[in-house]
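Numbering (the working numbering), first residue to last: 19 to 129.
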(Lines of atoms letter the chains of each structure in order from A and count residues from 1; the text may use other names and numbers.)
(Lines give C-alpha, C1' and ligand atoms only; values in the text may rest on other atoms or scores of the structure.)
Protein backbone atom coordinates (compact mmCIF):
# COMPACT_ATOMS: atom_id res chain seq x y z
CA UNK A 1 0.00 0.00 0.00
CA UNK A 2 0.89 3.66 -0.22
CA UNK A 3 3.24 4.89 2.46
CA UNK A 4 3.77 8.45 1.28
CA UNK A 5 3.04 9.90 4.74
CA UNK A 6 6.03 8.07 6.19
CA UNK A 7 9.58 9.39 5.92
CA UNK A 8 11.14 5.95 6.21
CA UNK A 9 10.46 2.26 5.63
CA UNK A 10 11.95 -0.84 7.21
CA UNK A 11 13.28 -3.57 4.93
CA UNK A 12 11.33 -6.80 5.53
CA UNK A 13 14.45 -8.84 4.77
CA UNK A 14 17.09 -7.23 7.01
CA UNK A 15 15.21 -4.69 9.19
CA UNK A 16 17.34 -1.80 7.88
CA UNK A 17 15.54 1.55 8.17
CA UNK A 18 15.55 3.27 4.77
CA UNK A 19 14.72 6.89 3.91
CA UNK A 20 11.75 7.15 1.53
CA UNK A 21 13.15 10.44 0.21
CA UNK A 22 16.18 8.98 -1.57
CA UNK A 23 14.85 6.74 -4.36
CA UNK A 24 18.33 5.79 -5.73
CA UNK A 25 19.31 4.49 -2.27
CA UNK A 26 16.09 2.45 -2.06
CA UNK A 27 16.84 0.90 -5.46
CA UNK A 28 20.43 0.17 -4.43
CA UNK A 29 19.12 -1.61 -1.33
CA UNK A 30 16.69 -3.63 -3.50
CA UNK A 31 19.65 -4.76 -5.58
CA UNK A 32 22.16 -5.45 -2.82
CA UNK A 33 20.28 -6.48 0.36
CA UNK A 34 22.17 -9.58 1.50
CA UNK A 35 19.16 -10.99 3.36
CA UNK A 36 16.68 -10.89 0.47
CA UNK A 37 16.14 -14.39 -0.91
CA UNK A 38 17.31 -14.58 -4.53
CA UNK A 39 16.27 -17.93 -5.96
CA UNK A 40 17.92 -17.05 -9.24
CA UNK A 41 20.33 -14.11 -9.62
CA UNK A 42 19.04 -13.27 -13.11
CA UNK A 43 15.34 -12.83 -12.30
CA UNK A 44 15.98 -11.69 -8.74
CA UNK A 45 18.42 -8.87 -9.54
CA UNK A 46 16.13 -6.47 -7.64
CA UNK A 47 14.02 -7.66 -4.69
CA UNK A 48 11.53 -5.24 -3.12
CA UNK A 49 12.31 -4.18 0.45
CA UNK A 50 8.59 -4.18 1.37
CA UNK A 51 7.14 -7.27 -0.35
CA UNK A 52 8.04 -10.37 -2.37
CA UNK A 53 8.13 -8.57 -5.76
CA UNK A 54 11.32 -9.14 -7.76
CA UNK A 55 12.54 -8.20 -11.23
CA UNK A 56 15.57 -8.10 -13.47
CA UNK A 57 14.81 -4.55 -14.69
CA UNK A 58 15.71 -1.46 -12.63
CA UNK A 59 12.95 0.73 -14.11
CA UNK A 60 10.35 -1.91 -13.21
CA UNK A 61 11.58 -1.87 -9.62
CA UNK A 62 11.54 1.92 -9.58
CA UNK A 63 7.89 1.98 -10.72
CA UNK A 64 7.08 -0.66 -8.11
CA UNK A 65 8.79 1.27 -5.29
CA UNK A 66 7.02 4.50 -6.33
CA UNK A 67 3.71 2.62 -5.99
CA UNK A 68 4.59 1.63 -2.42
CA UNK A 69 5.46 5.26 -1.66
CA UNK A 70 2.28 6.59 -3.27
CA UNK A 71 4.20 8.69 -5.79
CA UNK A 72 2.62 9.36 -9.18
CA UNK A 73 5.42 10.74 -11.37
CA UNK A 74 3.35 11.25 -14.55
CA UNK A 75 1.13 14.37 -14.37
CA UNK A 76 -1.44 15.65 -16.84
CA UNK A 77 -0.62 19.16 -18.10
CA UNK A 78 -4.35 19.93 -18.52
CA UNK A 79 -5.84 18.86 -15.14
CA UNK A 80 -4.94 17.46 -11.72
CA UNK A 81 -4.74 13.82 -12.90
CA UNK A 82 -1.51 11.94 -12.21
CA UNK A 83 -0.50 8.32 -12.65
CA UNK A 84 2.20 5.90 -11.67
CA UNK A 85 2.40 4.77 -15.30
CA UNK A 86 3.00 6.87 -18.43
CA UNK A 87 0.79 4.63 -20.59
CA UNK A 88 -2.16 5.36 -18.28
CA UNK A 89 -1.46 9.10 -18.49
CA UNK A 90 -1.40 8.81 -22.30
CA UNK A 91 -4.80 7.03 -22.25
CA UNK A 92 -6.20 9.68 -19.90
CA UNK A 93 -5.02 12.51 -22.14
CA UNK A 94 -6.48 10.88 -25.27
CA UNK A 95 -9.84 10.20 -23.62
CA UNK A 96 -10.23 13.45 -21.63
CA UNK A 97 -8.19 16.05 -23.52
CA UNK A 98 -8.32 14.97 -27.17
CA UNK A 99 -9.29 18.43 -28.49
CA UNK A 100 -6.50 20.12 -26.50
CA UNK A 101 -3.99 17.59 -27.84
CA UNK A 102 -5.16 18.25 -31.41
CA UNK A 103 -4.81 22.04 -30.96
CA UNK A 104 -1.31 21.61 -29.51
CA UNK A 105 -0.32 19.35 -32.42
CA UNK A 106 -1.52 21.96 -34.94
CA UNK A 107 0.25 24.78 -33.06
CA UNK A 108 3.47 22.76 -32.90
CA UNK A 109 3.37 22.02 -36.64
CA UNK A 110 2.90 25.71 -37.50
CA UNK A 111 5.70 26.92 -35.22
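Quick reminder that beta carbons are idealized off the backbone N, C-alpha and C, glycines included.
Residue i: first and last residue of the uninterrupted beta strand (DSSP E) it sits in
{"i": "residue 68", "result": "Neither: residue 68 is in no beta strand (DSSP E) and is coded neither H nor E."}
{"i": "residue 35", "result": "35–37"}
Close beta carbons around residue i, own chain, < 8 Å, minus the five adjacent residues each side
{"i": "residue 92", "result": "100, 101, 102, 103, 104, 106, 107"}
{"i": "residue 36", "result": "26, 27, 28, 29, 43, 44, 47, 67"}
{"i": "residue 39", "result": "25"}
{"i": "residue 110", "result": "94, 99, 101"}
{"i": "residue 84", "result": "41, 90, 91, 102"}
Nearest-angstrom beta carbon gap, residue j and residue i [assumed within contact, 8 Å]
{"i": "residue 63", "j": "residue 74", "result": "5 Å"}
{"i": "residue 41", "j": "residue 79", "result": "About 10 Å; that fails the 8 Å criterion."}
{"i": "residue 51", "j": "residue 32", "result": "6 Å"}
Bounding residues of the alpha helix (DSSP H) (the contiguous stretch that carries residue i)
{"i": "residue 78", "result": "76–87"}
{"i": "residue 49", "result": "41–50"}
6 Å CB neighbourhood of residue i in its chain, flanking five on each side removed
{"i": "residue 12", "result": "No information on residue 12 is available, as it lies outside the stretch 19 to 129 that the chain covers here."}
{"i": "residue 118", "result": "96"}
Three-state secondary structure assigned by DSSP to residue i
{"i": "residue 115", "result": "coil"}
{"i": "residue 31", "result": "coil"}
Residue i, buried or exposed, once every other Cβ within 10 Å from all chains shown has been counted against 16
{"i": "residue 54", "result": "buried"}
Neighbourhood of residue i by C-beta, 7 Å cutoff - its chain only, sequence neighbours within 5 removed
{"i": "residue 60", "result": "74"}
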